[in-house]
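Student: Everything in the sequence shown is counted per the working numbering, starting at 369 for the first residue and increasing by one. We put the beta carbon where it would ideally sit given N, CA and C, even for glycine. Source: prediction; values computed, not measured.
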Amino acid sequence: MKSVFIAVLGFCVAVGAASAAEGFLKRLPAEQFAAAGLNKLTPEELARLEKLIAEREQAVATTAVGAAAAKGEKAGGPGWLRALVTLQETAEKPEAAEAIVTRLAGDYDGWTGKTVFKLENGQVWQQVGGGERFDDKRSAPTVKIYPGMMGAYWLEVEGVRERVKVRPVKLK
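(1) Leaving aside the five residues before and after Thr-483 along the sequence, list all residues of the same chain whose C-beta is less than 6 Å from its C-beta, in chain order.
(2) Which value, in whole angstroms, describes the spacing of the CA atoms of Val-492 and Val-428?
(3) Going by DSSP, what residues sit across from Ala-512 in a beta bridge?
(4) Would you decide whether Phe-392 is buried or exposed? Buried here means 16 or more other CB atoms lie within 10 Å of its CB.
(5) Have a look at Ser-507 and Gly-497 and give me their C-alpha separation to the nearest angstrom.
(6) Rounding to the nearest angstrom, what Cα-Cα distance links Tyr-521 and Glu-530 in this structure?
(7) Shortest alpha-carbon distance to Glu-488 belongs to which of Pro-397, Asp-475, Glu-500, Gly-405?
(8) Quick check: the Cα distance between Glu-500 and Thr-480, rounded to an integer number of angstroms?
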């Protein structure tokens, strides 16, 4: 699914770059157009310049998407890209999104209203809505965050029968 997301991202960037470059010279204010000496060019030279700009923008966009894909492939686990892909998958098809399994960074003793959960993978999630739960203090328990219906996310702490609704604060 990651490769599909990256391919769609690449397509969107390429289309955006192509459409932005097509009218670049036409969007320039007259004074900037003249100051750059572009008014001295023939229509054929202007068309060639437009084409060069479009090709350059396309190359830059392709390189950026390739770098993002390579970084995501090297991540090897739930990192910022994995979390972003999970969010995207949930929006498209909630049942297809994968759970994130990691550990809490620090101690756990329950949740109270707006509890912030800092994870070992660098992500930060916050409790949504009310609700309290008090548990015996545990050090860095394993947690599982998975998507629910209507864009909701749930956090389960290993050994706790109750789950808590959360939202992403920082996806690293």
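Tutor: Walking through what the data contain:
(1) Stepping through the sequence shown from its first residue, residue 483 is reached at position 115. If we look at Thr-483 and ignore the five residues flanking it on each side, its Cβ neighbours are Gln-495.
(2) Against the sequence shown, residue 492 aligns to sequence position 124. Against the sequence shown, residue 428 aligns to sequence position 60. The alpha-carbon atoms of Val-492 and Val-428 are separated by roughly 32 Å.
(3) For the purposes of this step, residue 512 is taken as residue 144 along the sequence shown, with counting starting at 1. Before going on, a small fix: residue 512 reads as Lys here, not Ala. Answer is Val-469, Glu-524.
(4) Your numbering for residue 392 matches position 24 in the sequence shown. That one is exposed.
(5) As a working mapping, residue 507 is identified with position 139 in the sequence shown. As a working mapping, residue 497 is identified with position 129 in the sequence shown. Roughly 25 Å between the two C-alpha positions.
(6) Stepping through the sequence shown from its first residue, residue 521 is reached at position 153. Stepping through the sequence shown from its first residue, residue 530 is reached at position 162. Roughly 14 Å separates the two Cα atoms.
(7) Here residue 488 refers to the residue found at position 120 of the sequence shown. For Glu-488, the nearest C-alpha among the options comes from Asp-475.
(8) For the purposes of this step, residue 500 is taken as the residue at position 132 of the sequence shown. For the purposes of this step, residue 480 is taken as the residue at position 112 of the sequence shown. Their Cα atoms are separated by approximately 4 Å.
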